[in-house]
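Novice: My questions will all concern the structure given below.
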Amino acid sequence: MTLSPGKKREKIDRLSELAARDDERGVSLWQEAFRRLRGNPAAIVGAVILALFVLVAVVGPFLVPYAATDTIGIREGLIKPGTIPGPNGDHWFGYDHQGRDEFSRMIVGARQTLLVGVVSTLIGLAIGALIGGVSGAAAGLGGRWGRWIDTTLMRFIDMLLAMPSLLLAVSIAALLGASLTTVMIAVGVVSVPVFARLLRGSMISQANSDYVLAATSLGVKKSKIALTHVVPNSLAPVIVQATLTLATAIIEAAALSFLGLGNPDTAVPEWGVMLADAQQYLGIRPSLAIYPAVAIIITALGFTLLGEAMREALDPKLRK
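Take 1 as the starting number for the sequence shown in full-length UniProt numbering and just add one per residue.
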C-alpha cells in the first residue's frame, strides 16, 4: 500500500530522532549499537547474506567457468526453436535463450546489480545530504533568513515526496533514455527527499544541544559548528537509511530494466535485464526468470534485515 505524503514525512521525521550521543555509562552510540547487533538474529542473517553477495560480486566474475557472452549452446547446436536445455553437470543453471551459461551470467550480473545499487544510493545520499545539510543548518542556526531558506528547500522536497517513487523513476528514465547510467540517476533522484529530510530533522534536533550552545557562547562561527559538530552527530539515521535504500534501489533498478528502461545491451548481465529477457521464455524455461528473481529478493531481504536491525540498535528510545 502506498503511503500518503503526510505519512511519508511522519515516518522519515521519526527516523530523524536517531542522534549520536553517549549514554550514562560512557559507552558511545556506535559501540552500544554494535553490541545490540551482535545479539540480533535478523542482523546476523542480513549481514551473512550481504557478505556473500558482495563476495560473489567482487570475486565471482574472475572465477566463472564460462564467459558471460559465450554462446556455447548455439555453437554446440543445443538451442533450437522451442527448446532451451536445462541444468547439467557442466552448466549448473543450464543455458539462456542465446545459449549462454546461465550460472556464469548470474555471477557476473551480481557485480552489475551491486554497482547499480551502490552508485544510485550514493547519488541520492550526496544530493539529499547537501540539501538536507543546508536546510538543517539554516533552520537550526540561520535565524529568520535561515528559516526562509529551510522552508523553500523543504517545499521542493515535499513535492518530490508527494510523487510515487516508481512513477518518478520511470519518468526520469523515460526522459533520459534507456541506459545503465539512466537507471542509476533515476533511482538516485528518487531517494533524495528521504535523505534530505532525515539529515535536516536530525540537525535541527542537534542544534539545541548543550555543546552547540557552548560553542556559540564561545564565539565559534555557526558555519564551523554546523560542519564540524552538528553534521557528524546527525549522520546515524542517514547511514541506517542508506542501508535500507540499497535494497529499494536494487528492486527499483530491476523494475526499470523490466520495463525496458535499463541497459539496452543485453550482452551485459544484470539481474533486472535477465528477468526482463526471460519473460518471453516462461513457457519453455521458467527457471530463467526464477533465478534472477530469487537473487533480487534474497539480496534485498539482506539489506532490509540489516538496515532494520541497525535502526533499532541506534534508536535512543530502545536503548537500555
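Beta carbons: idealized from backbone N, C-alpha and C, even for Gly.
1. Distance, Cα to Cα, N233 vs Y291?
2. Could you pull out every residue in the same chain whose Cβ sits closer than 6 Å to the Cβ of I149, ignoring the five residues on either side in sequence?
3. Could you tell me the boundaries of the alpha helix (DSSP H) in which T71 lies?
4. Is the beta carbon of L246 closer than 8 Å to that of F303?
5. Terminal residues of the continuous alpha helix (DSSP H) containing W271?
6. What's the C-alpha gap between A214 and L198?
7. Using a Cβ-Cβ cut-off of 7 Å (strictly less than) and excluding sequence neighbours within five positions of Q279, which residues of its own chain qualify?
8. Report, in whole angstroms, the separation of the C-beta atoms of G283 and A253, which I expect to be a contact under 8 Å.
9. For K80, which of helix, strand or coil comes out of DSSP?
10. Put F303 into one of helix, strand or coil per three-state DSSP.
11. Quickly, what does DSSP pair residue 321 with across the bridge? List them, please.
12. Relative to the C-alpha of V134, which residue among V48, G188, Q241, A196 is closest?
13. In the structure shown, what three-state DSSP assignment does P292 receive?
14. Rounded to whole angstroms, what's the CA-CA distance from R311 to D90? Just pull it up for me.
15. Give the C-beta separation of P85 and G73 to the nearest angstrom, bearing in mind that I take them to be a contact with Cβ-Cβ under 8 Å.
16. Tell me the DSSP secondary structure of G283 in three-state form.
17. To the nearest angstrom, how far is the alpha carbon of G87 from that of A295?
18. Looking at the unbroken alpha helix (DSSP H) that takes in M163, where does it start and where does it end?
19. Taking its Cβ as the centre, do 16 or more other Cβ atoms sit within 10 Å of Q31, making it buried, or is it exposed?
20. Under 8 Å by Cβ, that's how I've got I107 and V48 pegged, so tell me the actual separation to the nearest angstrom.
21. Rounding to the nearest angstrom, what Cα-Cα distance links Q98 and L176 in this structure?
22. Once the 5 residues before and after L261 are set aside, which same chain residues still bring their CB inside 6 Å of it?
23. Is Y211 buried or exposed, if buried means 16 or more other CB atoms sit within 10 Å of its CB?
24. From which residue to which residue does the alpha helix (DSSP H) around A196 run?
25. Could you tell me if T228 is buried or exposed, where buried requires 16 or more neighbouring beta carbons within 10 angstroms of its beta carbon?
26. For S287 and T299, what's the separation of their Cα atoms in angstroms?
27. Among the candidates R35, L305, V192, M154, whose CA atom is the shortest distance from the CA of L244?
28. Counting only the same chain and skipping the five closest in sequence on each side, list residues whose C-beta sits under 7 Å from that of S242.
29. In the structure shown, what three-state DSSP assignment does K222 receive?
30. State yes or no: is the C-beta of A236 within less than 8 Å of the C-beta of L314?
31. Answer yes or no: the CB of V48 versus the heavy atoms of the ligand HEM, is any distance below 7 Å?
32. Nearest to P193 by alpha carbon, out of D158, V220, G201, L168?
Specialist: So, from the data block:
1. 42 Å
2. A138
3. T71 -> no alpha helix (DSSP H), and no H or E assigned at all.
4. yes
5. Residue range 271-277 is occupied by the alpha helix (DSSP H) that includes W271.
6. The alpha-carbon atoms of A214 and L198 are separated by roughly 25 Å.
7. A289.
8. Their Cβ separation, rounded to whole angstroms, is 27 Å, which puts G283 and A253 out of contact at 8 Å.
9. DSSP places K80 in strand when its eight states are reduced to three.
10. helix
11. Outside the shown range of the chain, which is 1 to 320, sits residue 321, and nothing can be said about it.
12. A196
13. helix
14. 44 Å
15. 7 Å
16. In the structure shown, G283 sits in coil (DSSP, three-state: anything other than H, G, I, E or B).
17. It is worth fixing the name first, because residue 87 is Pro in this sequence and not Gly. So the two alpha carbons sit approximately 17 Å from each other.
18. M163 -> no alpha helix (DSSP H), and no H or E assigned at all.
19. exposed
20. That pair is no contact at about 18 Å.
21. Each residue's alpha carbon lies about 29 Å from the other.
22. A173, A178
23. Classified as exposed, Y211 has fewer than 16 neighbouring CB atoms from the shown chains inside 10 Å of its CB.
24. 180-207
25. exposed
26. Answer to the nearest angstrom: the Cα atoms are 18 Å apart.
27. L305
28. The residue asked about is misnamed: residue 242 is Ala in this sequence, not Ser. Cβ within range, chain order: T121, L125.
29. Looking at K222 - three-state DSSP - the assignment turns out to be helix.
30. The answer is yes: Cβ separation under 8 Å.
31. The ligand HEM is absent from the structure shown, which contains no ligand whatsoever.
32. D158
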